[in-house]
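This report concerns only the one structure given below.
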Amino acid sequence: MKSELLLPKSEPFTEEEIAGLDEGEESECSDPLWESARKRKKEAVILDEYCRQRGA
7 MKSELLLPKS
17 EPFTEEEIAG
27 LDEGEESECS
37 DPLWESARKR
47 KKEAVILDEY
57 CRQRGA
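Using this note's numbering, you'd call the opening residue of the sequence shown number 7 and step up by one each time.
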């Protein structure tokens, strides 16, 4: 099974919304997510392996 990414039908943010962010604001929001991902990195399984485990 080959995994593929689907492109969004529309951009999630407009250029105006992106331009309106204060510098550093986007990283403040993403820092807790990245920290959580780092903590769980060893638990991660690639999609193809997950599908094999599930018998798909």
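Ideal Cβ positions, reconstructed from N, Cα and C, are used throughout, including at glycine.
Sequence-distant residues of its chain with Cβ nearer than 8 Å to residue i (five each side left out)
i: Gln98; result: Residue 98 lies beyond the stretch modelled for the chain, which goes from 7 to 62, so this question has no answer here.
Continuous alpha helix (DSSP H) stretch holding residue i: start and end
i: Leu12; result: Note, Leu12: premise wrong, no alpha helix (DSSP H); not H, not E.
i: Arg46; result: No alpha helix (DSSP H) contains Arg46, which DSSP labels as neither H nor E.
i: Ala50; result: Element bounds for Ala50: n/a, residue is neither H nor E.
Given residue i as reference, the closest of the options once Cα atoms are compared
i: Leu11; options: Cys57, Leu53, Gly61; result: Leu53
Three-way DSSP call (helix, strand, coil) for residue i in this model
i: Ser16; result: coil
i: Glu6; result: Past the boundaries of the shown model lies residue 6; the chain is included only from 7 to 62, so the question cannot be answered.
i: Asp54; result: helix
i: Glu29; result: coil
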